[in-house]
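S.K.: Please find one structure pasted underneath; my questions will follow.
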Amino acid sequence: MKKPLVSLRDASTGYFSDIVLKNVDFDVYPNDFIGVIGPNGGGKTTLIKAILGVLPLFKGKISFPAGKPEMGYLPQISQVDKTFPITVRDLVASGLKAKSNWFPQLNKSQKQQVSAMLEEAGLSRLASKPIGELSGGQFQKSFLCRALINQPSLLILDEPNTFVDKAFEQELYRWLKTLNEKMAIILVSHDIGTISPLVKSIACVNINLHYHPSNQLTEEILKVYNCPVDIIAHGPVPHRVLKEHDI
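At position 96 of the sequence shown the residue is numbered 213 (my numbering), and the sequence of numbers has no breaks.
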C-alpha cells in the first residue's frame with residue numbers, strides 16, 4: 118500500500134478567528150488526480166494554503182507519511198501582477214530560485230533545465246517576452262512551467278482555466294493527463310462539467326470536506342453531500358457548476 122503524500126486529520130483552519138475549513142480528513146496519494154469543487158468562500162483555496170504550509174492549522178494535524186513532497190503551485194491568475202517587469206524565461210527560472218532565500222545566478226545545468234521546460238511547453242519563442250505582453254493562455258502556461266520546474270510529486274492548480282480560451286483549456290487538460298502519469302494533481306475548479314471527465318476523484322469543499330472516490334457525481338450523491346449544481350451556458354457548451362452550499 119502506497120503511503121499518502123499529504124494527510125490531513127481533523128484539520129481546521131481559517132483567518133484570524135474565522136473558521137473556513139472545519140474537521141477535515143483528506144489524503145493525497147501518488148498519481149491521484151483530485152478535483153476540488155465548492156462555492157466561492159467555501160474553503161477551496163484555504164485547503165490549498167493549508168497543504169502548502171502557508172496557512173497554519175487551528176487544530177488537527179497535517180503530515181507527510183512518505184516524507185515532505187516537492188510541490189508545484191499554480192495560483193489564480195487574478196492573484197498575479199501582470200505588470201511585474203520579468204520575462205517568461207526569468208519567471209520560469211524563479212521557480213528554481215524560490216527554493217532558496219537568495220537569488221543566485223543560474224548555473225549551466227539550471228539554464229538547460231529552464232530551456233527544456235520552455236521547449237516542452239512550446240514557449241521557447243516567447244522566452245524573452247515580458248509576461249505583461251502574453252495572452253491569458255500563454256500567461257497560465259508560463260506559470261505552470263514555473264510550478265513544474267522543480268519536478269514536483271504534487272502539482273496544485275487553483276482555477277487554471279480562468280481567463281483563457283477554450284483551445285488553451287483543452288491543451289492544458291491534455292498536458293495535465295500526461296503529467297498525472299508521474300505526479301499527483303489537485304485541481305481546484307467551480308465547474309464540475311469540465312473537470313469531471315479529467316479527474317479520478319472529487320472533493321466537495323464547503324467548510325467541511327466530502328470526498329468522492331470517483332469522478333462520477335450523480336444528482337443523488339450531490340444532494341446527499343449538499344453539493345447542489347445548476348446548468349449554465351458557458352460559450353456554446355452548457356456546464357454544471359456549483360450553487361451556494363447548505364452547511
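Where is the CB? At the ideal position from N, CA and C, for every residue including glycine. Since this is a predicted model, take the numbers as computed values, not measurements.
Please tell me whether residue 160 and residue 137 are closer than 7 angstroms, where the distance is taken between their beta carbons.
M.R.: Taking 7 angstroms as the Cβ cut-off, residue 160 and residue 137 qualify as a contacting pair.
S.K.: Measure the CB-CB distance between residue 301 and residue 147 and report whether it falls below 7 angstroms.
M.R.: Yes, the pair counts as a contact, with Cβ atoms nearer than the cut-off.
S.K.: Mind listing, in chain order, the continuous beta strand (DSSP E) runs of no fewer than 3 residues lying wholly within the region 290-314?
M.R.: You should have 301-305.
S.K.: Is the beta carbon of residue 204 less than 7 angstroms from the beta carbon of residue 259?
M.R.: No, the pair does not count as a contact, with Cβ atoms beyond the cut-off.
S.K.: Using DSSP with H/G/I as helix, E/B as strand and the rest coil, what is residue 228?
M.R.: Here residue 228 sits in helix by DSSP.
S.K.: Given this structure, state the Cα-to-Cα distance separating residue 341 from residue 202, to the nearest angstrom.
M.R.: Low confidence applies to residue 341: its pLDDT is 49, below 50, so where it sits in the model is not reliable enough to give any reading.
S.K.: If residue 127 and residue 192 are in contact, beta carbons under 8 angstroms, what's the gap, nearest whole angstrom?
M.R.: Between residue 192 and residue 127 the Cβ distance is about 27 angstroms, and since that is not below 8 angstroms, they are no contact.
S.K.: Quick check on this structure: which residue in 288, 265, 253, 269 has the alpha carbon closest to the alpha carbon of residue 280?
M.R.: Nearest of 288, 265, 253, 269 to residue 280, Cα basis: 253.
S.K.: Per DSSP, residue 129 forms a beta bridge with which residues?
M.R.: Beta-bridge pairing links residue 129 to 176.
S.K.: Does the Cβ-Cβ distance between residue 213 and residue 266 come in under 7 angstroms?
M.R.: In this structure, residue 266 lies closer than 7 angstroms to residue 213 by Cβ.
S.K.: Might you give, ordered along the chain, the residues of its own chain that have their beta carbon closer than 8 angstroms to the beta carbon of residue 139, omitting 5 neighbours on each side?
M.R.: Cβ within range, chain order: 129, 324, 325.
S.K.: Go through its chain and collect everything with a Cβ distance to residue 330's Cβ below 8 angstroms, but skip five positions before and after it.
M.R.: Cβ neighbours of residue 330 beyond the five flanking positions: 318.
S.K.: According to DSSP, is residue 248 part of a helix, a strand, or is it coil?
M.R.: Residue 248: helix per DSSP, three-state reduction.
S.K.: Considering only C-alpha positions, which residue in the set 248, 210, 207 is nearest to residue 200?
M.R.: Nearest of 248, 210, 207 to residue 200, Cα basis: 248.
S.K.: Does residue 157 pass the burial test, meaning 16 or more other C-beta atoms within 10 Å, or should it be called exposed?
M.R.: Burial call: exposed.
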